[in-house]
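S.K.:
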Amino acid sequence: MKTVCIVGAGPAGLAGAKVLLNTGKFNVNIYEKASRIGGIWALDENSTQGFLHPDTPTNLSKFTVGFSDLDWDSIDLRSTQQDALANGATKSGTAPMFPKAWQVNRYLEAYRQKYVPDEVIQLEHQVVATKRSTESGEATWHITIRDPQGQEAEHNFDYLMLGSGFFSTPRPMSQNVDRVDPDLGVKAIHASQFRTLSDLFDKPEDAVGKKFLLIGGGNSAGEAAAAVAQQLSDAWYSPKTGKQQDLYKDCKILHVTPRPLYALPPYNPIDQECKAYLPIDLKLYDLKRRPENPIVGSAGRVPKAVKDMIHGAIQGMVGGDQSDLGTHALRISPEDPRSAVYVALSESYPEFVRSGLIEVQAGRVKGLDRDRGGKGATAEIERVSGDSEAVSDIGAIIYATGYSPASAINFLPEDVKEALDYDPSSLRLPLILSGWQTTTSSVPDLALLGFYEGPYWPMIEMQARYTAHRWLSADSSAPVIRPYEEPSKLHDLRTTIKARGNDVPQYWFGDYLGYMEEISSFLKLERNDAPFTSDREGCASPARYLSLDSDKSQANAIMSDLHKTWTACTQEGRYTARAAFRALQGNWIISRTIESKLPTFPSVVLSGTASFHPRQVANPDFDFEHLYIETGTLRLSNGVEMSARRRYVYRYSESRDEMSVWFVKPENDLEVDHLFHNLTFPHGHVVAKAHHLCVKDMYWTEYIFPMEGISLHRFETQHLVQGPEKDYIAKTKYSRPDLNMY
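635 is the number that the UniProt record's numbering gives to position 635 of the sequence shown; each next residue is one higher, with no gaps.
Here it is as structure tokens:
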């Protein structure tokens, strides 16, 4: 029986071990340097260290963050904390559509318990050196392993599989900023280290009037900027801290990005009518959107026609070219030169930009110096146009500069690195690989899983299946080389990446659906499409591609859940309420008329402003919450004018897919009091209705949300009120402030 050393017990290492063990042909050992499994997901509800905050939701839904034969809903996700449904825990214990980071670790633990015996995994054991020999005609890997006591020992294996991850070490800020004062006088942390505002300021009063500098032009930059903005919003408008007038007063985020970003939320419109919404990965990997011929993958540089098509599709999703957000830095011009599409997956980034809390500048940070007064830092920003600007009063810095993959492979011997064409200066494409980015023909006994930017779990599982097939084949030294993996093309791509070419996509190996279909076809895997009626209905799922050893009952449960979700979204309008709720965030200009039929209740006109402020939810029955603040001038029919203000709390529950509006307490207008109304969204409509009895008065309510992609530029509400002393119609029109830059 052949022996395999697997480095890392994250998703890749666990999937690789499961696949190899299920063949019955391999003896497997996993070495994990941490004290628990999970990789970047090695955390629980209470973890304060690691790559992620325990509450961080996955960027993709549970149908993509998972494997083919472990159903999310088979995992108990109930909180271990006694009196709380904290950190995203649910009463039923079932998974939300976008699980929290600690829940992902719970999933991986269940996967390990089901498929990987305890004796296979050695925790707190680090691979520190490797050597490959071929004296006997077959390769042998000599692996040096350091145990928890610091003792080192060498073990021999037939194969080496790396599951140690591409995003292994945060890239230092100095690799992106030419000049950094060694004594900046402010905290500077990598985006992966940010948890709370206290990570940046020991005392909130030190932050007054300061800027949070956010450096980076990728997904993590948008996520981090939105996370800081969300916490500032919560500090200002939550019941606990909202009354503290100077708390983070006049703070804002300055996001410097070398390119425009689109920000996409978790749920996106199915089509241009914007009356039904899907989780983002279900939309992006819809099988029917691919050509009728067998689906094949693509990778590498993006032709202009394809680049323009993708820009057009994304602009259809976000509701335009983003010029309405009030910043030149995010407008995607139709003229060349423009970069390939870059996306940040964020619920709130666009509206924080529109509100001004996040200011975006196009360019690069070239230098960071301590302010002369010693109370902040100054950034030298080189604009896209070439001129420079100095920005002072920076109180904290978050650099979303990505990760270096070097630590994941630095224990490989130099001759193997040379065979892999290793280039340490190429952070995005350090190795030239084939076989769907798993190996090279000169070192066929080595396999890498998920060693590229943006690896998806189902693809990692497919890579493991392909590797097992190759190692069991008569000619294991001949990996498949897809057209996009030809060495000349990959070397050209590497050169273009270094030159910052505009045709390099955000994820150069990013055609998840194409690769899944290619590997499935190559391995002749069983298709498991039911209850979908064809192999082109619905979206990609790992449970659609089964090997002989797959647990089909688990796969069928996943497919049943996927079909149920797909049907609920496409035919029943599920998550339209979620999309509308998200789109409410930010500032509005309002105009209201109240037409009364009773002389004792005057007709009035109101003009003013309103704003929806995101804040943390205290009640575990809800997932999201906005504090609604309205101020204006009320003009009575007799000409009398007076100031007017009101507040409500808007809430959203994922389990009920329901938006609701609540009164605030008279004595504390930051706290929720009692229910005003629940809104229902009939399928096929972006109109929400409610009716309820308020003391003696009956209210019939209607909200009209003319969604444009994910955006809402205007909406209307109407309240018909009838009671013993009331008989009126109140109509309110909301419109965004005109920030259009063009």
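Heads up, the beta-carbon is just placed ideally off N, CA and C, and yes, glycines get one too. All values derive from a computational prediction rather than experimental measurement.
(1) Alpha carbon to alpha carbon, what distance is there between residue 710 and residue 583?
(2) Using a 10 Å radius around the Cβ and a threshold of 16 neighbouring Cβ atoms, would you call residue 112 buried or exposed?
(3) From residue 99 to residue 79, what does the alpha carbon distance come to, in whole angstroms?
(4) For the structure I just gave you, are there three or more beta carbon pairs, one from the region 402-416 and one from the region 130-137, closer than 8 Å?
(5) Going by C-alpha distance, which of 35, 530, 117, 41 is nearest residue 29?
(6) Are the region 47-61 and the region 571-586 touching by the rule of at least three beta carbon pairs closer than 8 Å?
(7) Please return the same chain residues whose Cβ sits closer than 8 Å to the Cβ of residue 2, not counting the five positions on each side in sequence.
(8) Closer than 8 Å is the cut-off here; do at least three beta carbon pairs connect the region 211-224 with the region 384-403?
(9) Taking the alpha-carbon positions, what's the residue 638 to residue 600 distance?
(10) Is the CB-CB distance between residue 681 and residue 653 below 8 Å?
(11) Taking the alpha-carbon positions, what's the residue 316 to residue 734 distance?
(12) Among all the DSSP beta bridges, which residues are the ones paired with residue 255?
(13) To which residues does DSSP link residue 701 through a beta bridge?
(14) Taking buried to mean at least 16 other C-beta atoms within 10 Å of its own C-beta, is residue 632 buried or exposed?
(15) In whole angstroms, give me the CA-to-CA distance for residue 168 and residue 430.
(16) DSSP three-state call for residue 313: helix, strand or coil?
(17) Report back the beta-carbon spacing between residue 121 and residue 9 to the nearest angstrom; my notes put them in contact at under 8 Å.
(18) Can you name the start and end residues of the beta strand (DSSP E) that residue 653 belongs to?
(19) Do residue 603 and residue 590 have their C-beta atoms within less than 8 Å of each other?
(20) With burial defined as no fewer than 16 other Cβ atoms inside 10 Å of the residue's Cβ, what is the status of residue 791: buried or exposed?
(21) Compute the Euclidean distance between the alpha carbons of residue 256 and residue 502, then round it to the nearest angstrom.
(22) Just to confirm my understanding: we take residue 88, look at its own chain, exclude 5 residues before and 5 after, and list those with CB closer than 7 Å. What are they?
(23) My assumption, with CB atoms under 8 Å, is that residue 4 sits in contact with residue 14. Please give the rounded CB distance.
(24) From residue 232 to residue 374, what does the alpha carbon distance come to, in whole angstroms?
(25) Can you tell me which of the three DSSP states residue 127 falls into?
(26) Would you mind reading off the limits of the alpha helix (DSSP H) that contains residue 284?
(27) Compute the beta-carbon to beta-carbon distance between residue 267 and residue 278, rounded to the nearest angstrom, for a pair I have assumed lies under 8 Å.
(28) Measure the C-alpha to C-alpha separation of residue 569 and residue 706 and round it to an integer number of angstroms.
(29) When burial is assigned at 16 or more other CB atoms within 10 Å of the CB, is residue 441 buried or exposed?
(30) By the 10 Å Cβ neighbour count, where 16 or more other Cβ atoms means buried, how is residue 289 classified, buried or exposed?
(31) Taking its Cβ as the centre, do 16 or more other Cβ atoms sit within 10 Å of residue 245, making it buried, or is it exposed?
(32) Report yes or no: do three or more beta-carbon pairs, one from the region 185-196 and one from the region 337-352, lie closer than 8 Å?
(33) With residue 541 and residue 63 assumed to form a contact (beta carbons below 8 Å), what rounded beta-carbon distance in angstroms separates them?
(34) Would you mind giving the Cβ-Cβ distance between residue 663 and residue 648, rounded to the nearest angstrom? I have them listed as a contact below 8 Å.
(35) Would you check if there are 3 or more beta carbon pairs closer than 8 Å linking the region 500-520 to the region 289-308?
(36) Whose C-alpha, out of 640, 646, 618, 636, is nearest the C-alpha of residue 630?
M.R.: In this structure, then:
(1) If you number the sequence shown from 1, residue 583 lands on position 583. If you number the sequence shown from 1, residue 710 lands on position 710. Cα to Cα, residue 583 sits roughly 7 Å from residue 710.
(2) For this step, residue 112 is matched to residue 112 along the sequence shown. Result: buried.
(3) Taking the first residue of the sequence shown as 1, we reach residue 99 at position 99. Taking the first residue of the sequence shown as 1, we reach residue 79 at position 79. Rounded to whole angstroms, residue 99 to residue 79 spans 13 Å at the Cα level.
(4) Between the region 402-416 and the region 130-137 there are three or more inter-stretch CB-CB distances shorter than 8 Å, so the stretches are counted as touching.
(5) For the purposes of this step, residue 29 is taken as residue 29 along the sequence shown, with counting starting at 1. Considering only alpha carbons, the answer is 117.
(6) No contact exists between the region 47-61 and the region 571-586.
(7) Within the sequence shown, residue 2 is the residue found at index 2, counting from 1. Result list for residue 2: 25, 26, 27, 158, 159, 471, in chain order.
(8) yes
(9) Position 638 of the sequence shown, counting from 1, holds the residue named residue 638. Position 600 of the sequence shown, counting from 1, holds the residue named residue 600. So the alpha carbons of these two residues sit roughly 13 Å apart.
(10) If you number the sequence shown from 1, residue 681 lands on position 681. If you number the sequence shown from 1, residue 653 lands on position 653. Contact flag unset, no.
(11) Within the sequence shown, numbered from 1, the residue matching residue 316 stands at position 316. Within the sequence shown, numbered from 1, the residue matching residue 734 stands at position 734. One C-alpha to the other measures close to 22 Å.
(12) As a first step, residue 255 is located in the sequence shown; it is residue number 255 there, counting from the start. For residue 255, which the question treats as bridged, DSSP gives the partners 214, 360.
(13) Residue numbering aside, residue 701 sits at position 701 when the sequence shown is read from its first letter. Paired residue(s): 690, 719.
(14) Position 632 of the sequence shown, counted from the first residue, corresponds to residue 632. With 16 or more Cβ atoms within 10 Å of its Cβ, residue 632 is classed as buried.
(15) In the sequence shown, the residue the question calls residue 168 occupies position 168. In the sequence shown, the residue the question calls residue 430 occupies position 430. Residue 430 has its alpha-carbon roughly 13 Å from the corresponding atom of residue 168.
(16) Position 313 of the sequence shown holds residue 313. When DSSP states are grouped into helix, strand and coil, residue 313 belongs to the helix group.
(17) For the purposes of this step, residue 121 is taken as the residue at position 121 of the sequence shown. For the purposes of this step, residue 9 is taken as the residue at position 9 of the sequence shown. Right, the Cβ-Cβ distance comes to about 6 Å (below 8 Å), so this counts as a contact.
(18) Within the sequence shown, numbered from 1, the residue matching residue 653 stands at position 653. Here the beta strand (DSSP E) through residue 653 covers 641-653.
(19) Position 603 of the sequence shown, counted from the first residue, corresponds to residue 603. Position 590 of the sequence shown, counted from the first residue, corresponds to residue 590. Not closer than 8 Å, so no.
(20) Residue 791 lies beyond the residue range present for the chain, which begins at 1 and ends at 742; the question has no answer from this structure.
(21) The residue labelled residue 256 in the question sits at position 256 within the sequence shown. The residue labelled residue 502 in the question sits at position 502 within the sequence shown. Approximately 18 Å between the Cα atoms of the pair.
(22) For the purposes of this step, residue 88 is taken as residue 88 along the sequence shown, with counting starting at 1. Because the pLDDT at residue 88 is just 47, under 50, the model does not fix this residue reliably, and the point stays unresolved.
(23) Here residue 4 is taken as the residue at index 4 of the sequence shown, counted from 1. Here residue 14 is taken as the residue at index 14 of the sequence shown, counted from 1. With 8 Å as the limit, residue 4 and residue 14 do not qualify as a contact, their Cβ atoms being about 13 Å apart.
(24) The residue given as residue 232 occupies position 232 in the sequence shown. The residue given as residue 374 occupies position 374 in the sequence shown. If you take the alpha carbons of residue 232 and residue 374, they lie about 24 Å apart.
(25) Position 127 of the sequence shown, counted from the start, is the residue given in the question as residue 127. The answer is strand: DSSP assigns residue 127 an E or B state.
(26) Counted from its first residue, the sequence shown places residue 284 at position 284. For residue 284, the uninterrupted alpha helix (DSSP H) run begins and ends at 280-284, by DSSP.
(27) Start at 1 with the first residue of the sequence shown, and residue 267 comes out as number 267. Start at 1 with the first residue of the sequence shown, and residue 278 comes out as number 278. Going by Cβ atoms, the distance from residue 267 to residue 278 rounds to 7 Å, so yes, they are a contact pair.
(28) As a working mapping, residue 569 is identified with position 569 in the sequence shown. As a working mapping, residue 706 is identified with position 706 in the sequence shown. Residue 569 and residue 706: Cα-Cα distance of roughly 18 Å.
(29) Within the sequence shown, numbered from 1, the residue matching residue 441 stands at position 441. It counts as exposed.
(30) Along the sequence shown, read from residue 1 onward, the residue named residue 289 stands at position 289. That one is exposed.
(31) In the sequence shown, the residue the question calls residue 245 occupies position 245. With fewer than 16 other Cβ atoms within 10 Å, it is exposed.
(32) no
(33) Stepping through the sequence shown from its first residue, residue 541 is reached at position 541. Stepping through the sequence shown from its first residue, residue 63 is reached at position 63. That belief holds up - the Cβ atoms of residue 541 and residue 63 are roughly 5 Å apart, short of 8 Å.
(34) Taking the first residue of the sequence shown as 1, we reach residue 663 at position 663. Taking the first residue of the sequence shown as 1, we reach residue 648 at position 648. With 8 Å as the limit, residue 663 and residue 648 qualify as a contact, their Cβ atoms being about 7 Å apart.
(35) yes
(36) Within the sequence shown, the letter at position 630 stands for residue 630. Checking every option, the nearest Cα to that of residue 630 belongs to 646.
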